[in-house]
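Heads up: the structure comes next, in structure tokens.
Residue numbers (the working numbering), protein chains in the order written: chain A, 3 to 421; chain B, 3 to 421; chain C, 3 to 421.
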């Protein structure tokens, strides 16, 4: 995953354009993505697919013709979606109205966008800004903003049933690693892994530009969203912070219970936060018309680490171990969803005699795996048709997998039937 | 308000009689109160309107003819509703059975009543009692207890709809400032203020004797109580303690949510306590047959400050700033009730594009009032027909007014419709 | 109760056999128990009534013919349900596979059973084991395991209504005092006490072998369990630890509320724990097919004190004061259940005038029993047909008995009617 991030890092992505396309081509080396192209001007609910933005070069030159600010060094230098400009001489005072810095982090370049307002600008370090002393500078942004397409990637894995699990990540940011190449990499490797498994649910992976991408996908697939039974938006999963799960708007959807269970049993610090209508594409998935059971899985939430949306969100900021742990949490969660059934105890009057079935140690008072034994008793006691295995895990405070293993053993002995 | 309290303070009020009438006349200088007179003997539910009590003078004279205890100095000296007595010579031992003091506060005079048991008595300071050394005293209470009327004041302000908000305060205590001239003053000035406003709800203000007053009013208006959608009993609102809201019997009425919201966002310490069937007229409004959505707003609860029902509940004990803050809380609460509507997002599928409506800052990453922006998103996200603006404020933890302003802006742009 | 425990202590009980029978005969001196005998081999749900086990003698002799381990000294020395064995010479190495000790408590003898696996063994102190140095020992268990009966005791007290309260205790352990002669003694004296009282509910007391006893009873009485409205499993009620109540599987049954109320108002430390499908016969009563409203009342839970299932659970370990307190808690709980009715306030509009009925102090401001007065007001306020007296006690935080006394007084004055 870290290698994939390294490969994608230098590309200048935006919500449309060739950077996004090139990134999808790299993902296609791992999973057989379907690439969609939606023409500029297409109405998508209250929005319109924007013009396509592409950029070749951009710079600010001083009086000696030296590139002081150079797009080729960092694609963050140009405000994303900047209009083209080419001026041999611009007074510093005029130029400064188009320059953005981070005074609190004088070495870092901020990341800025101007998607829906025609404008242009440069982002640079405060130190560089302080060094600008010439009266006039040459300013050039060799970009184009014209009718084209919005591009996104989709990968569908058919499972046993048509009910779907949606995994969505935004892939529109340029050279930012945690936000959201981490999410892109985890989604890619989850998809690759799942494609080789026997699956109950069908899975849909989306690699989309933030906001306009989910709006476009929802607009084109409005009739299909009822199939989505669970989902996760993946973003910012590579930093060192504790895992954070932001609940779906419903707050009590299965995915909310599953993620809480996973994090509670992770043995690590974690945070679970309530839904709020700000953040990533869960804003659209959880708009009141859809209200989908989709939460957002991240580590340190957006805006709560100073590297967020700056040049410091780079390859050093993302840790392979954090990626691995995030990936494991996703997999554990999906494993729970896949195996979370409701069973009916076939022997509901008193306990069945587990001892004679060798499901239970025979001599009272002897040692043995207390929790495995308790798991058997919990599954029998609560399998009255009202409790799923996850419900049983939650009430017993045992880990889902222990409950799942117990249920499989009881099922094998004919003591459970699936509802 | 403090000036009004000062004016009302010297009058000897009781649950009936001329002191109560005179007090209502003073309130009529501020609001066009309707004064009701209910004859003694009128049955009101399980009770009967009592005889009318009036008092002219009362004293205890020593052997030198000196007034040792003098009603003209403090009307607390006479047990409220004392029977007339006139005895030239009474042995101290006999007299003492009719004397009440506060040994823990030897300077203070207690306030006592004997409404429903024919009796007489004097209240005095412990110090004064200790000085009584004569064998015999002259004792006189020049009072009358005879058929007459129970008097109360009512002021109705018609709003757009006939649904009512009831504001009730007891006005039957003699020279006690916090309990309850503070409530009387706040109710009066709320009524005066609201009478000049455009109102959705109709408002009813009651200035009544405690217990028997609310029983009488409820008895005469039993058929009308269904119109009362929210209400507050106001009492003890001038002391220095933190605001206290005692919930309605329902516990989850709108007024309970409103008052919690107001106090949570007041920036001050406060207490919210559950309903209990003791206290002020909420006891009657919240009796099981009525179970009205009426709570009680106070500062330090009755009985929890030592000045309560003593001569120390005087003009010094009530603070103008406390009165002002209590008044503001009431007004904020009424403002929420007036504006708490349920809207329906007209664009429920994904977010509407706020940027192109100038409802939203156009350039991503720029500063701006984060909370105002969040308020827009919360209103859109939760306006699914199930959530009132107050519900949205509560879930978002934003202040109601911010949510209200956002809803007005969205409504203006056609993005919301009222349910 | 302590005397009864002392009498029962030496008997070698098991889940079947003459030790159990002899114990029931002793209980019959206190209460007219009905003794049931169920033949070995009888199918009871998923189980079968086991063969009957009886033991006469058992020992391990050294080369000098000395009894090193002697059943006559402690019946814990033999693994309960051991098969007979009689070997003049057994090598120590072979014998050791049948010896059980408690290395952490080298003086104590453990208690072990082998009900459902044919096997034999001895329990002894670690110190004794360490002293075994001979190469060979004589080993004898003079026991029989053959078709016979499972025995249990039942005592039914008919009350005014046929709805039942079930009190169940396991009586199958040999010389162990807290587990569960304490429960047996308390159940016996509760039964004796109640048999002389006028009762609303009918009561059923069960003295059964653990697990197989409750399964057998439930199997034979499956059609009658709907009559059981409340119940308690009594066990481990004589140790010094705080009272513990383990909730029924339902978690919100009346008995759960009652026991919480009793313990909250006991003035002592206590624990309330959620149901889990391990422990005593509540496992069977709360199996999903029955799901009876039965909790378990104990002091320190099984397995949480080191004396548990060892020779240290002896007459010293059980304290008369602890027994007495446990007994009082049971009685208070049963008293609440007996008296917990729902009343309807006959005067629901405003408060009735309690003063003129002498239900209430007449002079405002005077002393008096505040809580008794509050209890009257709470009962009136909440007796709207939805709240039982226990609900009222809980909401008011007053003790049930205070509420009950208030209700009786109001009922006497015609202010309440039973629903």
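We treat Cβ as the ideally placed atom computed from N, Cα and C, and that holds for glycine.
A straight-line Cα-Cα distance of about 13 Å links residue 301 (chain A) and residue 323 (chain A).
Using a 10 angstroms sphere on the CB of residue 290 (chain B), the tally of other CB atoms reaches 16 or more, which defines it as buried.
For residue 340 (chain A), the closest alpha carbon among the candidates A:65, A:227, A:392 is that of A:392. With a cutoff of 8 Å on beta-carbon distance, residue 401 (chain A) and residue 267 (chain A) are scored as near each other. Shown here for residue 386 (chain A): same chain residues with a beta carbon closer than 8 Å to its own, the five before and five after excluded, namely 346, 347, 350 in chain order. According to DSSP, residue 171 (chain B) shares a beta bridge with B:209. In this structure, DSSP gives residue 419 (chain B) an extended state, which the three-state scheme calls strand.
Boundaries of the beta strand (DSSP E) around residue 245 (chain A): 245 to 248. The beta-bridge partner set that DSSP reports for residue 63 (chain C) consists of C:69, C:140.
Under a 10 Å Cβ-count criterion, residue 162 (chain A) is classified as exposed, with fewer than 16 other Cβ atoms of the shown protein chains found around its own Cβ. Counting along the chain, the unbroken beta strand (DSSP E) around residue 235 (chain B) starts and ends at 230 to 236.
For residue 285 (chain C), the chain A residues whose Cβ falls inside 7 Å of its Cβ are 353, in order along the chain. Secondary structure at residue 81 (chain A): coil, using DSSP grouped into helix, strand and coil.
Just so you know, the alpha carbons of residue 15 (chain C) and residue 134 (chain C) end up roughly 28 Å apart. Nearest Cα to residue 256 (chain C) within the set C:371, C:240, C:225, C:389: C:389. For residue 393 (chain A), the enclosing alpha helix (DSSP H) starts and ends at 391 to 398.
In the structure shown, residue 102 (chain A) falls within a strand segment according to DSSP collapsed to helix, strand and coil.
Pairing residue 54 (chain A) with residue 151 (chain A) gives a Cβ-Cβ distance under 8 Å. Setting aside the 5 residues that flank it on each side, residue 136 (chain A) is surrounded in the same chain by 64, 65, 94, each with a C-beta closer than 7 Å to its C-beta; the list follows chain order.
For residue 301 (chain B), there is no enclosing beta strand (DSSP E), as DSSP marks it with neither H nor E. Scanning B:197, B:223, B:169 for the CA closest to the CA of residue 233 (chain B) turns up B:169.
Spanning the alpha carbons of residue 92 (chain A) and residue 248 (chain A) requires a straight line of approximately 47 Å.
When the beta-carbon positions are compared, residue 173 (chain B) and residue 57 (chain B) stay at least 8 Å from each other. Here residue 297 (chain C) is not near residue 237 (chain C), since their CB atoms are 8 Å or more apart. With a threshold of 8 Å between beta carbons, residue 294 (chain A) makes no contact with chain B. Per the DSSP secondary-structure output, residue 52 (chain C) pairs with nothing in a beta bridge. Residue 245 (chain A) and residue 166 (chain B) have their alpha carbons spaced roughly 50 Å apart. Per DSSP, the beta-bridge partners of residue 155 (chain C) are C:37, C:209. Contact between the region 116 to 123 of chain C and the region 76 to 89 of chain C is present: three or more C-beta pairs spanning the two stretches fall below 8 Å.
Collapsing the DSSP output to three states places residue 342 (chain A) in coil. Bridge pairing for residue 124 (chain B): B:80, B:101 [DSSP]. Beyond the five residues adjoining it in sequence on each side, residue 141 (chain C) comes within less than 7 Å, by CB distance, of 62, 87, 89, 92, 97 in the same chain, given in chain order. For residue 357 (chain C), at least one C-beta of chain B is nearer than 8 Å to its own C-beta.
Distance check between residue 39 (chain C) and each of C:398, C:208, C:129, C:155 places C:155 closest, using alpha-carbon atoms only. Residue 288 (chain B) and residue 252 (chain B) have their C-alpha atoms some 8 Å from each other.
Under a criterion of Cβ atoms nearer than 9 Å, the residues of chain A adjacent to residue 376 (chain B) are, in order, 278, 279, 280.
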